[in-house]
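Read in order, the letters of the sequence shown correspond to residues 3 to 125 in our numbering.
I have placed the structure first, in the form of structure tokens, so that the comments after it can refer back to it.
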Amino acid sequence: MFIVKAHVAQRIREAREYRDITQVEMAQHLDVARQTYLDIESGKTEPKVSSLAIIADVTGRPLNWFLYGESTRSDIAFTHRDDLNTLLALFSQLPESARNLVMDQALLLAQYMINMTSPERDQ
């Protein structure tokens, strides 16, 4: 899959620690039990989009950073943050099979774009 669950969990922990927020405090922000938050931060369970949006707001990090690691203000996450949040909320409402199909297609498109711009293609 394009987004690695372990990387998202690691970024959640890094953002929380950077802001000096305890796990208990973050669980309170999310209105979940501490163990539920620990499962998210350890990568045992994937966060809901709404939870990830709250974590982004609380830590001051762009939502896109948790997913892809991008962090500059010129990133699409800053310029189209509301649109991306809406898109992610709609995406989370799809059945898992449909989400997997969308992600597979996005991965194929990304691979195609990489192949189209690779230096080997110009030779």
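All C-beta atoms, glycine included, are put in the ideal place defined by N, C-alpha and C.
| Check | Outcome |
| --- | --- |
| Distance between beta carbons of V51 and A91, contact taken as under 8 Å | 6 Å |
| DSSP-derived helix/strand/coil call for R21 | coil |
| Sub-7 Å separation of E48 and R15 beta-carbons | no |
| Span separating the alpha-carbon of M105 from that of L86 | 15 Å |
| Cut-off 6 Å between Cβ atoms - residues of its own chain near M28, not counting five sequence neighbours on either side | R18 and Y39 |
| Rounded C-alpha distance that separates I56 from Q113 | 31 Å |
| Beta-carbon gap between M8 and G45 smaller than 7 Å | Rather than Met, the amino acid found at residue 8 in this sequence is Ala. It is a contact, given that the beta carbons lie within the stated cut-off. |
| Same chain, Cβ closer than 6 Å to R21, neighbours up to 5 away in sequence not counted | T61 |
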